[in-house]
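S.K.: If you want my numbering, it's the 1-based position in the sequence shown plus 17.
Sharing a structure below in structure tokens format, with a few things to ask.
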Amino acid sequence: MRSIEGLDTAAADQQVGAAVAALLDAVDTLRELPLAAHSDAKAMDLLRATELATRKLVAFQTPQFVDLAERGVDKKAGVGSMPLFLKEALHLSSADAYARAHRAADCGQLLAADGSPRPVRLAHTAAAHAEGLISVDHIRNIATVMNRIPDRVDAAKREQAEQILAEYATAGSPDRLTIIGNAILARLDPDGTLTDLEDQARMRTVTLGHQRADGMSSLTGEIDPTLRAYLAAFLQKYARPGMCNPDDPHSPTTGEEPDTDVVREAAARDTRTVGQRNHDALVALFAPATRLDDLGRHRGLPVQAIITMTLDQLEERAGVATTATGGTVSIPEALKMAERSTPILALFDHTAGMPLHLERGKRLATPTQRLALIAAERGCTRPGCDAPASLTAVHHIQEWAKGGLTDLPNLTLACDRCHALVHDGPDGWKTVVMPEHSDYPGRTGWIAPAHIDPTRTPRVNHRHHADELLAQARTRVAAHTEQVARDRRNRLRCNRPETTSPPDTPAPGTDPAPGTPPAPATPPPTAGTPPADGVPPAPRIE
Numbered sequence: 018m019r020s021i022e023g024l025d026t027a028a029a030d031q032q033v034g035a036a037v038a039a040l041l042d043a044v045d046t047l048r049e050l051p052l053a054a055h056s057d058a059k060a061m062d063l064l065r066a067t068e069l070a071t072r073k074l075v076a077f078q079t080p081q082f083v084d085l086a087e088r089g090v091d092k093k094a095g096v097g098s099m100p101l102f103l104k105e106a107l108h109l110s111s112a113d114a115y116a117r118a119h120r121a122a123d124c125g126q127l128l129a130a131d132g133s134p135r136p137v138r139l140a141h142t143a144a145a146h147a148e149g150l151i152s153v154d155h156i157r158n159i160a161t162v163m164n165r166i167p168d169r170v171d172a173a174k175r176e177q178a179e180q181i182l183a184e185y186a187t188a189g190s191p192d193r194l195t196i197i198g199n200a201i202l203a204r205l206d207p208d209g210t211l212t213d214l215e216d217q218a219r220m221r222t223v224t225l226g227h228q229r230a231d232g233m234s235s236l237t238g239e240i241d242p243t244l245r246a247y248l249a250a251f252l253q254k255y256a257r258p259g260m261c262n263p264d265d266p267h268s269p270t271t272g273e274e275p276d277t278d279v280v281r282e283a284a285a286r287d288t289r290t291v292g293q294r295n296h297d298a299l300v301a302l303f304a305p306a307t308r309l310d311d312l313g314r315h316r317g318l319p320v321q322a323i324i325t326m327t328l329d330q331l332e333e334r335a336g337v338a339t340t341a342t343g344g345t346v347s348i349p350e351a352l353k354m355a356e357r358s359t360p361i362l363a364l365f366d367h368t369a370g371m372p373l374h375l376e377r378g379k380r381l382a383t384p385t386q387r388l389a390l391i392a393a394e395r396g397c398t399r400p401g402c403d404a405p406a407s408l409t410a411v412h413h414i415q416e417w418a419k420g421g422l423t424d425l426p427n428l429t430l431a432c433d434r435c436h437a438l439v440h441d442g443p444d445g446w447k448t449v450v451m452p453e454h455s456d457y458p459g460r461t462g463w464i465a466p467a468h469i470d471p472t473r474t475p476r477v478n479h480r481h482h483a484d485e486l487l488a489q490a491r492t493r494v495a496a497h498t499e500q501v502a503r504d505r506r507n508r509l510r511c512n513r514p515e516t517t518s519p520p521d522t523p524a525p526g527t528d529p530a531p532g533t534p535p536a537p538a539t540p541p542p543t544a545g546t547p548p549a550d551g552v553p554p555a556p557r558i559e
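Here it is in structure tokens:
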């Protein structure tokens with residue numbers, strides 16, 4: 018337990034107790050106030066304010082957990098660990114209790130055996146946590162990414178990665194931290210093998226459990242990126258709603274692309290969960306009538322793993338390739354998978370990052386055009402949508418009925434749900450090609466209806482482009498670092514005592530009086546000399 022010399026513990030206990038009582042009273046007061054009286058904007062402001070308060074309270078519990086652990090309350094209570102103590106004392110689930118313990122280990126100020134404070138493991142995350150700027154999901158996902166960084170990465174790069182993740186978390190979704198984390202990991206480990214191929218081979222396993230009395234069996238395992246790429250491509254078609262439904266005699270199964278209307282009608286009757294659809298798709302896969310070389314097509318392309326890599330990655334045999342289902346595969350694994358396939362070379366404009374001209378005089382896009390869009394866009398292009406390319410259709414940015422060409426610059430990927438949002442009604446979204454002077458020329462911009470975005474500003478989707486999310490996070494880190502340095506310089510200037518010139522010292526910009534010896538020249542700063550204001554320049558984020 019920590020002690021503070023000279024602290025009046027009785028007075029401190031009284032102050033804490035009064036503050037907690039006032040907090041509970043304030044919450045009770047809020048609960049009794051009418052919410053319906055607020056406008057939509059005020060209701061959202063209230064929700065954000067209470068979310069901030071909730072996060073700050075959660076952050077306050079982190080040092081509480083550390084303090085209780087240092088007191089040894091778990092040992093005094095006769096339980097084996099702090100998570101077990103919290104589980105019993107606060108009636109928590111095991112998952113919640115252990116999550117709080119991990120959060121305290123990541124963001125709490127722990128003490129060494131000699132009583133000296135240890136460095137906070139995730140210092141930047143802890144600072145944002147204390148201010149209520151991030152949620153527990155942000156913290157968990159940041160810790161997950163940091164735990165995946167190889168041990169051989171030095172401490173400076175590790176801290177830089179954590180700073181980028183923490184800064185992004187203050188304004189981004191917890192789900193996207195995984196995407197940024199993958200981009201960071203790819204740069205820290207350019208070979209694309211965070212675990213060696215030998216490690217993946219060692220960890221791979223699929224186990225069929227014993228059949229229970231009710232006839233059911235468990236299927237568990239760890240699958241490598243290769244099997245995931247193959248399996249995900251199959252499930253995208255055959256586990257979608259309406260397909261392979263054993264309770265529906267009119268449900269399509271394996272084979273060529275079924276009629277769209279038939280699938281739509283079957284999907285409307287489908288009440289299965291995602292897990293149940295996956296199960297039934299595997300039943301269809303192993304059925305005697307199914308041929309693995311005749312799995313048909315899905316959205317115009319054969320049911321197979323589609324892997325995208327750059328020419329540089331191919332030549333260097335290093336990096337991480339992406340799949341059309343949203344997964345990743347190391348380049349060595351991708352090349353092994355492609356040994357018996359036919360490679361397709363897509364050429365992109367180096368500025369816009371979009372495929373070059375490939376036109377068609379009919380409404381439907383060709384498989385080659387779709388492959389080019391998969392390589393460029395990687396998924397649905399509506400901002401915020403995370404549907405991978407395998408769940409999208411090709412959409413005309415300018416509608417075909419309004420003169421839009423089936424040409425790559427006028428084509429984009431959109432999932433069925435987002436595609437349905439594009440219409441001419443007052444609630445409809447619009448799609449445009451981003452102009453040359455924009456930050457993302459040639460990309461598909463989506464314009465939200467006025468009730469969502471009154472400015473009607475075209476926006477692009479960064480969800481499938483981890484490099485862009487990482488660049489945004491780096492920009493925010495650099496801006497934040499520069500702002501901190503600027504604020505410190507201003508504080509130092511404000512704290513400097515005012516100096517007055519002697520009577521015979523001329524004012525700045527005037528000539529000295531006749532006979533006055535010249536003032537000595539100020540020597541230039543030598544290497545290693547700090548700036549005059551004592552503030553070093555903002556560090557550059559590599």
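Even for Gly, the Cβ is constructed at its ideal location relative to N, Cα and C.
1) Once you ignore the five residues that flank Asp-154 on each side, which residues in its own chain have a CB closer than 6 angstroms to its CB?
2) Determine contact between the region 501-512 and the region 218-235, defined as no fewer than three beta-carbon pairs at a distance below 8 angstroms.
3) By the 10 Å Cβ neighbour count, where 16 or more other Cβ atoms means buried, how is Arg-334 classified, buried or exposed?
4) Does the region 92-105 touch the region 69-76, meaning 3 or more C-beta pairs lie closer than 8 angstroms?
5) Across which residues does DSSP place Leu-128 in a beta bridge pair?
6) How big is the Cα-Cα spacing for Val-411 and Thr-288?
7) Starting from Lys-419 and walking both ways along the alpha helix (DSSP H), at which residues does that stretch end?
8) Would you kindly report the start and end of the unbroken alpha helix (DSSP H) that includes Cys-511?
9) Kindly indicate the opening and closing residues of the beta strand (DSSP E) around Ile-196.
10) With 16 other CB atoms within 10 Å as the buried threshold, where does His-482 fall?
11) Please say whether Gly-125 and Met-162 have beta carbons closer to each other than 8 angstroms?
12) Got a sec, what are the start and stop residues for the alpha helix (DSSP H) Thr-26 sits in?
13) From the DSSP output, which residues share a beta bridge with Ser-347?
14) How about the region 449-467 and the region 486-498: do they share at least three Cβ pairs that are nearer than 8 angstroms?
15) Whole angstroms is fine: what's the gap from Gly-336's alpha carbon to Thr-327's?
16) Going by C-alpha distance, which of Thr-429, Glu-87, Ala-35 is nearest Thr-383?
17) Would DSSP call Leu-430 helix, strand or coil?
18) Between Leu-63, Trp-417, Thr-423, which has its C-alpha nearest Leu-390's C-alpha?
19) Considering Cα atoms alone, identify which of Asp-265, Asn-295, Arg-204, Val-291 is closest to Glu-282.
20) Please state the DSSP three-state secondary structure of His-628.
21) Count the other CB atoms within 10 Å of the CB of His-146; is the residue buried (16 or more) or exposed (fewer)?
22) Check whether the Cβ atoms of Leu-8 and Ala-43 lie closer than 8 angstroms to each other.
23) So Ile-391 is in the alpha helix (DSSP H); what residue range does that whole segment cover?
24) If you follow the alpha helix (DSSP H) that Thr-71 is part of, which residue opens it and which one closes it?
25) How would you label Lys-419, buried or exposed, when you count the other beta carbons within 10 angstroms and need 16 or more for buried?
26) Using a Cβ-Cβ cut-off of 8 angstroms (strictly less than) and excluding sequence neighbours within five positions of Val-477, which residues of its own chain qualify?
27) If contacts are defined as beta-carbon pairs under 8 angstroms, then Pro-100 and Ala-122 qualify, I think. What distance do you get, rounded to the angstrom?
28) Would the beta-carbon of Arg-480 fall within 8 angstroms of that of Arg-193?
29) Which of the three DSSP states, helix, strand or coil, is assigned to Leu-109?
30) Let me know if Gln-386 comes out buried or exposed under the rule of 16 or more other beta-carbons within 10 Å of its beta-carbon.
31) How about Val-280 and Met-260: do their beta carbons lie closer than 8 angstroms?
32) Which residue from Ala-284, Pro-242, His-267 puts its Cα closest to that of Ala-256?
33) Could you compute how far the alpha carbon of His-440 sits from the alpha carbon of Thr-498?
34) For Gly-378, count neighbouring C-beta atoms within 10 Å of its own C-beta (all shown protein chains included) and say buried if the count is 16 or more, exposed if not.
35) Less than 8 angstroms between C-beta atoms, sequence neighbours within five positions excluded: which residues of the same chain meet that for His-267?
M.R.: In terms of the structure at hand:
1) Answer for Asp-154: Pro-191, listed in chain order.
2) no
3) By the 10 Å Cβ count, Arg-334 comes out exposed.
4) no
5) DSSP output for Leu-128 lists Pro-134 as bridge partner(s).
6) 27 angstroms
7) Run containing Lys-419: none; DSSP gives neither H nor E here.
8) Where Cys-511 is concerned, the enclosing alpha helix (DSSP H) stretches over 483-512.
9) Element bounds for Ile-196: not the beta strand (DSSP E) but the alpha helix (DSSP H), 191-205.
10) buried
11) Here residue 162 turns out to be Val, not Met, going by the sequence shown. Contact flag unset, no.
12) Element bounds for Thr-26: 26-49.
13) Val-337
14) no
15) 9 angstroms
16) Thr-429
17) strand
18) Thr-423
19) Asp-265
20) With the chain covering only 18 through 559, there is no way to say anything about residue 628.
21) buried
22) Because the chain here runs from 18 to 559, residue 8 falls outside it and cannot be looked at.
23) It spans 384-394 - the alpha helix (DSSP H) in which Ile-391 sits, taken as one unbroken run.
24) 57-88
25) exposed
26) Counting only residues of its own chain and dropping the five nearest sequence neighbours on each side, Val-477 has a CB closer than 8 angstroms to the CB of Thr-398, Pro-400, Met-451, Tyr-457, Arg-460, Thr-461, Gly-462, Trp-463.
27) Not quite, the Cβ-Cβ distance comes to about 11 angstroms (not below 8 angstroms), so this is no contact.
28) A Cβ-Cβ contact shorter than 8 angstroms links Arg-480 with Arg-193.
29) Note: Leu-109 maps to coil in three-state DSSP.
30) When all chains shown are included, Gln-386 counts as buried.
31) yes
32) Ala-284
33) 44 angstroms
34) Low local confidence applies: a pLDDT of 47 at Gly-378 is under 50, so the model's placement there is unreliable, and no value is given.
35) Val-279, Glu-282, Ala-283
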